[in-house]
Amino acid sequence: MSDHDSHSTVLFEVSDGLAVLTLNRPEAYNALNLQMSADLLDALVACDECAEVRAVLLTGRGRAFCAGGDIRAMRSAADSEGRAGTFLKQLTVRLHAAVATVVRMPKPVVTAVNGPAAGAGLSLALAGDLVVAAENASFTVAYTAIGLAPDGSSTYFLPRLIGPKRAYELMAFNRAVPAREAHDLGMINDVLPSESFAEGAKAYARRLANGPSLALGLAKSLLGQSAERGLETAMEFERRAIAECGNSEDFVEGTKAFIEKREARFGS
């Protein structure tokens, strides 16, 4: 399964269980317009539904990961209609559905931040289950710099990652956070060399595609719901999840590999 059309706003390719989605408006630093947000949602739903896909890698083409919402499109809407509220509602309903799909699909999603991630780009990056960044990447909240409140889940994930006071400071002053600092703050998982970033990010994500899909999906779900559950409720869901895994072919393969002192071959 692949979409190599250079005119598509989101490139989509699946190989050996790994889906690679590439934001494809490099001339606009992959800024989100209505078409790209719709195409991104469609691609993510396809990943969620496709049995062939075991993990997803989301990255950007060109110098940026995603510069956020398309400010020129916002201005065009404001100039033609006298306000941009309708455009922003249309954009965010697609973006928010895309983020929700990333978070709720059982398959692990790696966001590979190849360059600047700002505004909605930062929100999209932080929604990944795992986040890797190139050494030259940076993260900027950016919304208040143009008089907007944050969206795209940033007010949910950012304070949970770095605390509400640091999150509000970044939202208020819009300082660009370099990749290394983002790692030290706990915003992202790893920083990879810029010159080999695409290959490194794919190798990182392929480890998930080659992993035990059921166990990884259930672990993702348990973590996603943990903040909303009490101890006993969380443990009951853990009990059911581990029992479900115990009935799987992945468990059979994993235990055999352990006993035979070899690497497990899940999903083969």
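With the working numbering, the residue at position 181 of the sequence shown is 923, and numbering never jumps. Each residue gets a CB set at the ideal place from its N, CA and C atoms; glycine is no exception. Nothing here was measured: the structure is a model prediction, and the numbers come from that model.
- A Cβ-Cβ distance of about 5 angstroms is found for the pair residue 855 and residue 879, placing them in contact under the 8 angstroms criterion.
- Here residue 1008 carries a coil assignment [DSSP, helix/strand/coil].
- In the structure shown, residue 896 falls within a helical segment according to DSSP collapsed to helix, strand and coil.
- Taking C-beta atoms under 8 angstroms as the contact rule, residue 863 and residue 808 qualify, at a distance of about 3 angstroms.
- Membership of residue 963 in any beta strand (DSSP E) is not indicated; the residue belongs instead to the alpha helix (DSSP H) covering 955–968.
- Under the DSSP definition of a beta bridge, residue 920 partners with 880.
- Proximity to residue 904 across 844, 884, 814, 925 peaks at 925, based on C-alpha coordinates.
- By the beta-carbon neighbour count (other beta carbons within 10 angstroms, threshold 16), residue 915 is exposed.
- DSSP, read as helix, strand or coil, puts residue 861 in coil.
- In the structure shown, residue 755 adopts extended strand secondary structure according to DSSP, grouped into three states.
- The Cβ atoms of residue 760 and residue 751 lie no closer than 9 angstroms to each other.
- Taking a contact to require three or more Cβ pairs closer than 8 angstroms, the region 976–989 and the region 834–844 do not qualify as touching.
- Contact between the region 926–946 and the region 957–964 is not established, with fewer than three Cβ pairs separated by less than 8 angstroms.
- Contact between the region 994–1008 and the region 946–959 is present: 3 or more CB-CB pairs across the two stretches fall below 8 angstroms.
- In this structure, the beta-carbon distance from residue 805 to residue 768 falls below 9 angstroms.
- Assignment of residue 890 by DSSP, reduced to helix, strand and coil, places it in the coil class.
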